[in-house]
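Residue numbers (the numbering used here): 1402 to 1771. No residue lacks a Cβ here, since even glycine has one placed at the ideal position from N, Cα and C. Structure record follows, encoded as structure tokens.
Next comes the structure, spelled out in structure tokens:
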């Protein structure tokens, strides 16, 4: 039996997000085949994440960000030559592309060494942003498979690129159930306030401003916001303007979010765009039900009345209404739905299922290459 093809994962990114954390979970401790990462980033935090996970990394060194840097990386000769040399030295037969910045560059380098190309579609951005789509389309036409992290992402991709339907697969991101074990419940607050927690980057698509506006209409709620980003100062100012700053706490970037989530009664999402929502799945694995807007892939696992509460539409009023509904349901309901939420993650969104899905995809590339 021939050796499984070696995989080089290509990451061109400027921050630590769901795609980068998913990559660590996919590769770390996975002994089914040989994996390595080709990294181009200006982020010391992302570099440390990969090295701390003891993943084999070929590091291009600190690189620039921005449109001009992207064009140079994607279309110029230097980075493509470096990446193809990495793939050749690693004897990789599969190039796995994880970020928009990796798509053209990774496809070009893979073509030079005769490697198969697999993309992971972590969001719908490249299909909806007209500045991204021409580059992404070029790569997608040459990819052997494109793995979507949710049915929502696949549906958007099919609408934009119906000619790619046969290569669009679904493998949801997975949660480490040992790391995110069911957490003890916090003691009831003497003030009877209900604590919500949001985890994610502070950027417009996460819609934290929507949650803050909803908090005005939910006076017994407090909110912990865990994450960093360019919107932080603006959001802190908004909380002050709305006179809710005494009920909202910004914790910034937190390496291990488990304690923050475990201290909450319910998880909250007011995202404007969400391919899947790994932070919500991690909260569910910890046994916390979710209150959310019906955005992107979230309704695939936040099932109203079973694993959480789902707003009827994307308005502030609808979010405030469903927050109040969840609060009125009480602690027994939170525990019941939280237990059901963890069970759903264990069935459909665990690391084992994610790794098995990707292994099937890699194995299919092996069979068609032999």
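Ranked by Cα distance from residue 1585, the options 1564, 1404, 1686, 1457 are led by 1686.
Residue 1574 counts as buried, since no fewer than 16 other beta carbons sit within 10 angstroms of its beta carbon.
Take residue 1610, set aside five residues on each side of it, and the residues of its chain with a beta-carbon closer than 7 Å to its own are 1636, 1639, in chain order.
Residue 1760 carries a helical assignment under DSSP once its states are collapsed to helix, strand and coil. Between residue 1484 and residue 1507, the alpha-carbon positions lie close to 7 Å from each other.
Between residue 1653 and residue 1629 a beta carbon distance of about 5 Å is seen, short of the 8 Å cut, so the two are scored as contacting. Contact between residue 1712 and residue 1720 is confirmed by a C-beta separation of about 5 Å, below the 8 Å threshold.
For residue 1412, the secondary structure class from DSSP, reduced to helix, strand or coil, is strand. For residue 1549, the secondary structure class from DSSP, reduced to helix, strand or coil, is strand. By the criterion of a C-beta distance shorter than 6 Å, residue 1439 is surrounded in its chain by 1409, 1411, 1459, 1484, 1487, once the five residues flanking it on both sides are discounted.
Taking the Cα positions, residue 1447 is about 23 Å away from residue 1533. Comparing alpha-carbon positions, the option among 1517, 1722, 1556 lying closest to residue 1612 turns out to be 1722. Residue burial is scored here from C-beta neighbours: residue 1476 has fewer than 16 other C-beta atoms within 10 angstroms and is therefore classed as exposed. Three or more Cβ pairs drawn from the segment 1692–1699 and the segment 1664–1676 lie within less than 8 Å of each other, which places the two stretches in contact. When beta bridges are read from the DSSP output, residue 1628 appears opposite 1653.
Looking only at 1623, 1499, 1540, the smallest Cα-Cα distance to residue 1669 is reached by 1623. Annotation for residue 1769: no residue places its beta carbon closer than 7 Å to its own, counting only its chain and skipping 5 residues before and after. About 5 Å separates the beta carbons of residue 1570 and residue 1548, which is inside the 8 Å limit, making them a contact pair.
Taken in chain order, the complete alpha helix (DSSP H) segments of 4 residues or longer contained in the segment 1639–1705 are 1659–1663, 1679–1686. Per the C-alpha coordinates, the member of 1558, 1661, 1405, 1418 positioned closest to residue 1603 is 1418.
Taking a contact as a CB-CB distance under 8 Å, the pair residue 1658 and residue 1600 counts as one, their CB atoms being some 5 Å apart. Per DSSP, the continuous alpha helix (DSSP H) segment holding residue 1422 begins and ends at 1419–1428.
Under the rule that a run must span 4 or more residues, the alpha helix (DSSP H) segments found entirely inside the segment 1415–1498 read 1419–1428, 1445–1453, 1468–1476, 1478–1490. Considering only 1625, 1752, 1452, the residue with the shortest C-alpha distance to residue 1646 is 1625. Judged by beta-carbon spacing, residue 1478 lies beyond the 8 Å limit of residue 1434, meaning their Cβ atoms are not closer than that value. Here residue 1634 is exposed: its Cβ has fewer than 16 other Cβ atoms, across all protein chains shown, within 10 Å.
DSSP, read as helix, strand or coil, puts residue 1578 in coil. Per the coordinates, the alpha-carbon of residue 1706 lies some 17 Å from the alpha-carbon of residue 1684. Here the segment 1451–1466 does not lie against the segment 1507–1522, with fewer than 3 beta-carbon pairs under 8 Å apart. By a beta-carbon distance limit of 8 Å, residue 1445 does not contact residue 1523. Their separation comes to about 22 Å. When C-alpha distances from residue 1765 are compared across 1515, 1463, 1545, the shortest belongs to 1545. In the displayed model, residue 1743 falls within a helix according to three-state DSSP. Under the three-state reduction of DSSP output, residue 1602 falls in the coil class, being neither helix nor strand. The three-state reading of DSSP puts residue 1404 in coil, since its state is none of H, G, I, E or B.
Secondary structure note for residue 1534: its alpha helix (DSSP H) is the uninterrupted segment 1534–1543.
A Cβ-Cβ distance of about 6 Å is found for the pair residue 1576 and residue 1750, placing them in contact under the 8 Å criterion.
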